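Just so you know, the protein sequences line up as chains R and B, in that order.
The first sequence begins at 54 in the numbering used here and counts up by one.
The second sequence begins at 4 in the numbering used here and counts up by one.
For glycine and all other residues, C-beta sits at the position ideal for the given N, C-alpha and C.
These figures come from a predicted structure and were not determined experimentally.
Everything below concerns the one structure shown next.
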Amino acid sequence: MQIHVNGRQVEVAKDSTIGELLKSFNIQAKLAVVEQNQQIINKTVYDETILTNGDTIEIVHFVGGG
Amino acid sequence: MITGRYARQERFAPIGQTGQRQLVTKHVVVIGAGALGSANAEMLVRAGIGKLTLVDRDYIELSNLQRQQLYTEDDARQNRTKAKAAQRRLKAINPVVEITGIVEEFSEENGEKIVQDADFVIDGTDNFQTRFVMNDVLAKHRKPWAYGGCLQSTAIALTIIPGKTPCLQCLIDHLPQEGKTCDTVGIISPAVQVTAAYQTTECLKYLTDNGTSPELVQVDIWGRSYSAINVSRLVDPICSSCSQSAIYPYLTKEKGLKTAMLCGRDTVQVRPGEKGSLSVSNLVKEIGNLTDKIRDNGEVLIFEIDDVRFVVFQDGRTLIHGVSDVNTAKQLYQRYIGA
């Protein structure tokens with residue numbers, strides 16, 4: 054199925070979770086703020102939150118460089 | 004017709020001549036004078052703030068020049084300190100602004116004093132450890148600041164107004180052990196410029212009473228993606244740094260040798276718990292017996308033993324190059340410099 058991540062179309066497996074999506078982008082869950090259809094998702098439920106076809110996902114993650 | 008140094012900025016309606024008159028009374032503290040610190044400081048000094056304080060623990064090397072815009076090849080050759088080289092360059096750009104460069108690490112010991120009369124603080128650091136100390140200091144003193152981070156081609160920025168918006172502790176909850184650093188995955192200078200552009204813009208908005216953004220913003224300048232999330236509702240009511248029940252965990256650390264990995268090189272910084280106990284001239288004599296690769300330029304003492312390079316600052320703080328773990332660095336510090 055297709056979802057939108059930071060404005061880009063991304064193909065993901067059916068019933069995959071936000072936790073899995075972060076893993077596929079190699080992003081540490083602890084450092085990420087994630088919005089699913091304009092709702093911020095609590096970090097503690099990333100692994101239980103299922104993505105659905107057409108979802109709009111925003112991911113921002115903190116980095117240490119500067 | 005507005006003429007003069009700030010004419011184009013005054014033409015920009017949200018600032019105007021009123022905003023310009025406000026800017027000239029403001030004091031901004033920039034913590035870190037690497038890539039982000041340089042870019043922010045130059046924009047703010049050109050914009051005509053009243054006073055700028057720049058704090059940095061490091062000295063200039065050739066690998067900085069690709070993105071740290073205030074420095075020259077000569078600065079790198081002379082291993083000048085970033086804070087002092089930046090002060091000289093910024094003074095040449097706009098002599099009207101009062102500029103102070105402080106060659107120290109921003110820490111729980113000096114932080115509160117450094118920011119005490121700041122109107123706004125800019126994060127120009129390259130590690131989370133210093134950022135969390137900043138976060139505590141600025142939450143305690145209710146100082147607004149702009150977090151900025153950049154890595155590879157990505158820029159991240161967030162404005163933090165303690166008591167109003169979530170702080171770093173609310174959003175991250177603990178000191179991250181981040182695998183990726185400028186050292187391992189690199190960085191391009193446009194990512195620095197985008198990050199600094201967000202930070203300085205937010206600073207100018209705040210200082211001219213134009214309000215700030217509640218969004219955590221991320222841009223990948225290479226991949227051309229953009230994302231922004233309004234994080235207002237993530238204020239943690241029992242946050243250990245910014246709530247009524249704050250205990251400032253990073254401010255209340257026990258004393259002793261402190262170490263930090265530096266972004267961008269195989270380098271560990273070791274810092275003594277008490278400042279000023281080190282005699283550099285004694286050290287020169289002692290180390291001179293061990294190696295002939297030793298040089299003292301009056302600001303830093305540099306020596307090399309067994310392919311490990313030590314750079315000792317006047318306050319006893321030492322950068323140890325050529326080691327990749329903090330414990331080895333601590334041992335080397337204790338062996339050659341003492342603790």
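Any idea if residue i is buried or exposed, counting beta-carbon neighbours within 10 angstroms, 16 or more meaning buried?
i       : result
V31(B)  : buried
E64(R)  : exposed
W148(B) : buried
L154(B) : buried
H177(B) : exposed
Q23(B)  : buried
R91(B)  : exposed
P3(B)   : Past the boundaries of the shown model lies residue 3(B); chain B is included only from 4 to 342, so the question cannot be answered.
E257(B) : A caution first: E257(B) carries a pLDDT of 48, below 50, which makes its placement in the model too unreliable to give a value.
S250(B) : In the sequence as presented, Ser is not what sits at residue 250(B); that position holds Ile. That one is exposed.
D126(B) : buried
T97(R)  : exposed
E289(B) : exposed
T21(B)  : exposed
Q221(B) : buried
R298(B) : exposed
K116(B) : exposed
Just reading off the alpha helix (DSSP H) that residue i is part of, what are its end residues?
i       : result
E45(B)  : A38 to A50
K67(R)  : Neither: K67(R) is in no alpha helix (DSSP H) and is coded neither H nor E.
K261(B) : It is not in any alpha helix (DSSP H) - K261(B) instead sits in the beta strand (DSSP E) that spans K261 to M264.
T103(B) : First-last for T103(B): E101 to I105, but that is the beta strand (DSSP E), not the alpha helix (DSSP H).
D13(B)  : The question names Asp, but residue 13(B) in the sequence shown is Glu. Where E13(B) is concerned, the enclosing alpha helix (DSSP H) stretches over A10 to R14.
L73(B)  : From DSSP, L73(B) is part of no alpha helix (DSSP H); its letter is neither H nor E.
Q69(B)  : Note, Q69(B): premise wrong, no alpha helix (DSSP H); not H, not E.
E343(B) : Residue 343(B) lies beyond the residue range present for chain B, which begins at 4 and ends at 342; the question has no answer from this structure.
L322(B) : No alpha helix (DSSP H) holds L322(B); the beta strand (DSSP E) holding it covers T321 to H324.
I24(B)  : For the record, residue 24(B) in the displayed sequence is Arg; it is not Ile. Unbroken alpha helix (DSSP H) run through R24(B): G19 to L26.
P169(B) : Premise fails: P169(B) is in no alpha helix (DSSP H) and is neither H nor E.
L237(B) : Element bounds for L237(B): n/a, residue is neither H nor E.
Y201(B) : S192 to L210
I103(R) : From DSSP, I103(R) is part of no alpha helix (DSSP H); its letter is neither H nor E.
L254(B) : Counting along the chain, L254(B) falls outside any alpha helix (DSSP H), and DSSP gives it neither H nor E.
DSSP puts residue i in a beta bridge; with which residues?
i       : result
M137(B) : Looking at the DSSP assignment, M137(B) forms no beta bridge with any residue, so it has no partner.
S282(B) : Answer is none; S282(B) lacks a bridge partner.
I125(B) : V33(B) and A149(B)
F109(B) : Answer is none; F109(B) lacks a bridge partner.
T162(B) : A149(B)
A85(R)  : H114(R)
Y62(B)  : T84(B)
T109(R) : H57(R)
V311(B) : I308(B)
K54(B)  : H30(B) and E101(B)
What is the residue span of the beta strand (DSSP E) that residue i lies within?
i       : result
R274(B) : T270 to R274
D78(B)  : Per DSSP, D78(B) belongs to no beta strand (DSSP E); it is in the alpha helix (DSSP H), E76 to R80.
Q92(R)  : Q92 to I94
Y229(B) : S228 to N233
I308(B) : V303 to I308
R298(B) : I297 to D299
Using 8 angstroms for Cβ pairs, my map puts residue i next to residue j. What's the rounded Cβ distance?
i       : j       : result
V118(B) : D59(B)  : Their Cβ separation, rounded to whole angstroms, is 15 angstroms, which puts V118(B) and D59(B) out of contact at 8 angstroms.
L322(B) : T270(B) : 6 angstroms
V113(R) : I159(B) : 7 angstroms
T84(B)  : Y62(B)  : 5 angstroms
D108(R) : Q89(R)  : 6 angstroms
D139(B) : L254(B) : 4 angstroms
L237(B) : I93(R)  : 7 angstroms
M137(B) : G166(B) : Between G166(B) and M137(B) the Cβ distance is about 16 angstroms, and since that is not below 8 angstroms, they are no contact.
At a Cβ cut of 9 angstroms, what residues of the segment 18 to 38 of chain B count as close to chain R, listed as they run along the chain?
G35, G37 and A38
Members of the segment 70 to 87 of chain R that neighbour chain B once the beta carbon cut-off is set at 9 angstroms
N79, Q81, K83, L84, V86 and V87
Identify each residue in the segment 90 to 116 of chain R for which the Cβ-Cβ distance to at least one residue of chain B is less than 7 angstroms, and report them in chain order.
I93, E111, I112, V113, F115 and V116
When you check each C-beta in the segment 228 to 249 of chain B against every C-beta of chain R, which residues fall closer than 9 angstroms?
S228, Y229, S230, A231, I232, N233, V234, R236 and L237
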